[in-house]
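Chemist:
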Amino acid sequence: MGTSTLVLLRHGESEWNALNQFTGWVDVHLTEKGRGEAIRGGELLAEEGLLPDVVYTSLLRRAITTANLSLDAADRHWIPVHRDWRLNERHYGALQGLDKAATKAKYGEEQFMAWRRSYDTPPPPIERGSEYSQDADPRYAEIGGGPLTECLADVVARLVPYYEETIAEDLRAGKTVLVVAHGNSLRALVKYLDEMSEADITGLNIPTGIPLRYDLDENLKPLTPGGVYLDPEAAAAGAAAVANQGSK
25 MGTSTLVLLR HGESEWNALN QFTGWVDVHL TEKGRGEAIR GGELLAEEGL
75 LPDVVYTSLL RRAITTANLS LDAADRHWIP VHRDWRLNER HYGALQGLDK
125 AATKAKYGEE QFMAWRRSYD TPPPPIERGS EYSQDADPRY AEIGGGPLTE
175 CLADVVARLV PYYEETIAED LRAGKTVLVV AHGNSLRALV KYLDEMSEAD
225 ITGLNIPTGI PLRYDLDENL KPLTPGGVYL DPEAAAAGAA AVANQGSK
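Counting from 25, one number per residue, gives the positions in the sequence shown under the working numbering.
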């Protein structure tokens, strides 16, 4: 095989992105801005002639809706779809539903950033049966309701085997693969693809709604480390906005 192409797309702005709240596995909707970002993401794919053969998403509405809107805009609404919980956002434990700025004010900058951006420090676990817990959600019945909290290392541990078993096989078959997921599940995948250190991944921020293209060699190694955003200027601004969450 020659080169293959993987496109990563973080969902458009969600309701809780707009409210600056920790979301995790809570199944919130996109905002109107987020829906527009998703459509623009698909338009960028079409403009680049980057037409996916298959799409992978999480089980969360904001990723599923983004994939649907993007593919419709690119006239690829008909391609096969695979959904799996292992592409879900990181579970934010007891922080789910909390305002980020208020959380930082309560616990301090150091603890806030450790929970938000460290590689191996999970937030406190969520209480089963609480308002923002998923333990009774039928979509997670086969995994006992899912985790009660996660750090980024936990996301890497669940995502990489799934990538190797499924997405990588499609790439080896020469397919152009679109993965529509979340800030932390995509950070986990980028860490794996680019062989980033635990220290380096803490500084990586992925903006909403802008496709990130990876051309991969025959060993599925990136030809351009870090990939290429289809709208680099908007991506830089979006990544900076993600980095500043909690400051307002």
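Where is the CB? At the ideal position from N, CA and C, for every residue including glycine. Source: prediction; values computed, not measured.
1) Tell me the residue span of the beta strand (DSSP E) that contains ARG237.
2) Give the DSSP-derived three-state secondary structure of GLU37 in the structure shown.
3) Between MET137 and the ligand SAH, is there a pair consisting of the residue's CB and a ligand heavy atom that are separated by less than 7 Å?
4) For TYR80, write down the residues that DSSP places opposite it in a beta bridge.
5) When the Cα atoms are used, what is the spatial distance from GLY170 to LEU84?
6) Taking the runs of the alpha helix (DSSP H) that are 4 residues or longer, which of them lie wholly in the stretch 208–260?
7) According to DSSP, GLN45 sits in a beta bridge with which residue or residues?
8) Taking only three categories from DSSP, how would you classify SER28?
9) What did DSSP end up calling LEU54 once you bin it into helix, strand or coil?
10) I'd like to know whether the C-beta atoms of LEU236 and VAL31 end up nearer to each other than 8 Å.
11) Taking contact to mean 3 or more Cβ pairs, one atom from each stretch, closer than 8 Å, check whether the stretch 121–133 and the stretch 214–231 are in contact.
12) Taking the beta carbon of ARG152 as the centre, do at least 16 other beta carbons fall within 10 Å, making it buried, or is it exposed?
13) Give me the residue from VAL203, TYR164 and PRO76 with the minimum Cα distance to HIS115.
14) Tell me the rounded alpha-carbon separation between LEU95 and ASN229.
15) On the three-state DSSP scale, how would you describe LYS272?
16) Who are the Cβ neighbours of LYS215 in its own chain at under 6 Å, not counting the five residues just before and after it?
17) Spell out a yes or no on whether the stretch 75–83 and the stretch 245–257 are touching, meaning 3 or more CB-CB pairs, one atom from each, closer than 8 Å.
Modeler: Considering the structure as presented:
1) 236–240
2) coil
3) Summarising the ligand content, the structure contains no ligands, and the ligand SAH is consequently not present.
4) HIS106 and VAL203
5) 13 Å
6) 222–225
7) ASP123
8) strand
9) strand
10) yes
11) no
12) exposed
13) TYR164
14) 24 Å
15) Per-residue confidence for LYS272 stands at a pLDDT of 48, beneath the threshold of 50, marking its modelled position as unreliable; the derived number appears in the next sentence. Correct three-state label for LYS272: coil.
16) ILE225
17) no
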